[in-house]
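Counted from 1, the sequence shown has number 134 at position 135 by numbering that gives the first Met the number 0; the numbering is strictly sequential.
Ideal Cβ placement from N, Cα and C applies to all residues, glycine included.
Comments concern the structure below.
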Amino acid sequence: MATGPFVELASGLLEAMGQRLDAVRPVPEGLTIRTGDGFLYAFLEDPSNVSLETVGRLAGGEELPVHLVVLTPARLPLAISAEVLRRGGTVVESGRFHELVRQLGLETYLGEEPRAPPARARRLLPSAQQLDQVMGRARTWLDWGVPALALRFYRQAAATKPEYVPAKIGIGRSLLGLGLIEEAARSFQEVLLSRPDDVDARLGLAATYGAQSRPKDEIDVYRTLLAEDQARLEVRAHLVAALVDLGDWAGARVEIEALLDRTPEDAQLRFLLGVAKTKLGLAAEGEREREEARRLGLPFEREAILCQHLGLPSPAPRTDAGPAPPVPTGRKAAARARARAPARTRRPAAPAARRRSLPTRRSPPRKGK
């Protein structure tokens with residue numbers, strides 16, 4: 000059973016995240032809470048006491064909750080983490096668990112001195128300051144590729160201020176990162192009912208089209224947005240990714256060149272232009288563009304990852320480069336890629352997940368585990 004201090008810490012975390020403490024259930028390895036939206040949060044004190052059987056029991060055998068989130072102060076054995084990820088869950092362990100504790104002002108449970116309170120903006124009311132803090136936590140976890148926790152904080156922000164659109168957009172993005180596409184679409188559509196011109200909501204809805212294998216609908220949204228404002232470079236970047244996934248290299252080339260007009264020394268865009276020209280039968284021009292990308296500083300490892308992502312042969316090793324790192328695959332790799340995508344245009348799930356690693360995603364927020 001979990002020790003008293005760990006139970007107090009877990010209870011404090013749950014309370015700070017806006018969860019009902021009366022829903023907590025002790026388990027031999029710690030305690031769990033199942034939320035009304037289908038998430039199961041499992042706080043496990045000592046990873047050495049966690050087994051594959053533990054994960055199976057928490058996940059309910061083959062009857063999985065919508066999402067399992069395992070939180071532990073130490074590092075889980077690799078086989079255990081892999082099993083959680085295989086079941087579509089999220090792991091918050093070691094340093095990230097400690098950072099969550101610190102974010103919520105519970106560092107005394109870690110034997111640390113409390114952090115100095117941040118400087119308060121005089122113009123903000125206490126309620127606005129609290130909302131700003133919760134939104135900051137949500138953005139941080141989405142940036143770190145943990146949409147399950149980001150979703151929890153975005154929903155906490157929405158409960159604090161129901162009409163706050165950035166929180167609703169964040170909920171949609173987090174759901175995209177978790178692969179909950181229909182729920183994400185409903186979140187973006189809710190925003191569009193009251194604000195039909197909201198760009199972030201329109202981009203989010205376009206992302207759900209891509210996740211549902213509706214690339215033409217997705218591309219139509221991007222082209223409409225560009226027709227309204229040609230200066231939206233992040234929209235053009237996502238249009239490039241969608242065109243590449245669709246195999247429309249002629250259209251992709253046009254958009255890549257438009258981006259390069261604004262950022263001519265972008266090495267990854269230059270590489271992508273080389274691929275487009277090669278796909279269009281201009282092999283010599285394509286190779287020159289790829290050489291220019293290397294001259295502009297494209298690392299060998301990044302080139303190798305891009306080649307694998309695009310289904311191209313691995314590049315010949317450079318004299319100053321080691322072997323390319325393995326490219327993660329599978330559902331969780333896709334979730335991580337989605338979560339790393341720029342916050343303004345996150346696009347989820349199977350076909351769209353590959354697009355996250357294209358070099359054109361540059362809009363900030365802010366990709367699960």
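Where does residue i sit, in a helix, a strand or coil, going by DSSP?
{"i": "T29", "result": "Here the sequence assigns Gly to residue 29, which means Thr is not the residue at that position. Three-state DSSP puts G29 in a strand."}
{"i": "A41", "result": "strand"}
{"i": "V90", "result": "strand"}
{"i": "T71", "result": "strand"}
{"i": "R24", "result": "strand"}
{"i": "W143", "result": "coil"}
{"i": "M134", "result": "helix"}
{"i": "E227", "result": "helix"}
{"i": "L13", "result": "helix"}
{"i": "A275", "result": "helix"}
{"i": "E290", "result": "helix"}
{"i": "T2", "result": "coil"}
{"i": "T207", "result": "helix"}
{"i": "S212", "result": "coil"}
{"i": "E106", "result": "helix"}
{"i": "T262", "result": "coil"}
{"i": "S186", "result": "helix"}
{"i": "D50", "result": "The residue you asked about is not Asp; residue 50 is Ser in the sequence shown. Three-state DSSP puts S50 in coil, outside helix and strand."}
{"i": "Q129", "result": "helix"}
{"i": "Q307", "result": "helix"}
{"i": "S80", "result": "helix"}
{"i": "L8", "result": "helix"}
{"i": "S193", "result": "helix"}
{"i": "R235", "result": "helix"}
{"i": "R95", "result": "helix"}
{"i": "A240", "result": "helix"}
{"i": "E112", "result": "coil"}
{"i": "D199", "result": "helix"}
{"i": "R317", "result": "coil"}
{"i": "G250", "result": "helix"}
{"i": "L245", "result": "helix"}
{"i": "Q18", "result": "coil"}
{"i": "A336", "result": "For A336, the pLDDT reaches just 42, beneath the cut-off of 50, and the residue's location in the model is therefore unreliable, although a value from the coordinates is still provided. Three-state DSSP puts A336 in a helix."}
{"i": "L57", "result": "helix"}
{"i": "G296", "result": "coil"}
Are there 16 or more other CB atoms within 10 angstroms of the CB of residue i, so buried, or fewer, so exposed?
{"i": "E300", "result": "exposed"}
{"i": "A25", "result": "First, the residue type needs correcting, since residue 25 is Pro and not Ala in the sequence shown. Counting Cβ neighbours within 10 Å, P25 comes out exposed, since fewer than 16 surround it."}
{"i": "G37", "result": "exposed"}
{"i": "R287", "result": "exposed"}
{"i": "L99", "result": "buried"}
{"i": "Q155", "result": "buried"}
{"i": "E14", "result": "exposed"}
{"i": "L150", "result": "buried"}
{"i": "T223", "result": "exposed"}
{"i": "G144", "result": "buried"}
{"i": "P4", "result": "exposed"}
{"i": "P363", "result": "With a pLDDT of only 39 at P363, under the threshold of 50, the placement of this residue in the model should not be trusted, and no figure is reported."}
{"i": "S47", "result": "exposed"}
{"i": "M0", "result": "exposed"}
{"i": "L195", "result": "The amino acid at residue 195 is misidentified as Leu; the sequence shows Pro. Exposed, since its Cβ has fewer than 16 Cβ neighbours within 10 Å."}
{"i": "L238", "result": "buried"}
{"i": "P214", "result": "buried"}
{"i": "S313", "result": "exposed"}
{"i": "A107", "result": "Looking at the sequence provided, one finds Thr at residue 107 rather than Ala. Per the 10 Å Cβ criterion, exposed."}
{"i": "A283", "result": "exposed"}
{"i": "A137", "result": "buried"}
{"i": "A22", "result": "exposed"}
{"i": "T2", "result": "exposed"}
{"i": "S186", "result": "buried"}
{"i": "D131", "result": "exposed"}
{"i": "P161", "result": "exposed"}
{"i": "L146", "result": "Here residue 146 turns out to be Pro, not Leu, going by the sequence shown. Flag for P146 reads buried."}
{"i": "S80", "result": "buried"}
Across which residues does DSSP place residue i in a beta bridge pair?
{"i": "H66", "result": "F38"}
Throw me the rounded Cβ distance for the residue i and residue j pair, which I believe falls under 8 Å.
{"i": "L191", "j": "R201", "result": "7 Å"}
{"i": "R86", "j": "V49", "result": "Actually they are not in contact, since the Cβ atoms of R86 and V49 sit about 14 Å apart, beyond 8 Å."}
{"i": "L295", "j": "E254", "result": "The Cβ separation is near 19 Å, so there is no contact."}
{"i": "F42", "j": "A9", "result": "4 Å"}
{"i": "V83", "j": "V91", "result": "Not really, about 10 Å apart at Cβ, beyond 8 Å."}
{"i": "R269", "j": "L279", "result": "16 Å between Cβ atoms; not a contact."}
{"i": "L103", "j": "L12", "result": "6 Å"}
{"i": "A184", "j": "I170", "result": "With 8 Å as the limit, A184 and I170 do not qualify as a contact, their Cβ atoms being about 12 Å apart."}
{"i": "A78", "j": "L51", "result": "7 Å"}
{"i": "A257", "j": "R235", "result": "6 Å"}
{"i": "H66", "j": "L177", "result": "6 Å"}
{"i": "L203", "j": "I168", "result": "Checking the sequence shown, residue 203 turns out to be Gly, not Leu. Rounded, the Cβ-Cβ distance is 6 Å, consistent with contact."}
Is the Cβ of residue i closer than 9 Å to any Cβ of chain B?
{"i": "G169", "result": "The chain labelled as chain B is not found in the depicted structure, where only one protein chain is given."}
Item to check | Sequence ranges, alpha helix (DSSP H) only - wholly within the region 146-179, length at least 4 | outcome: Fully contained in the region 146-179 are the following alpha helix (DSSP H) runs of length 4 or more, in chain order: 146-159 and 164-176.
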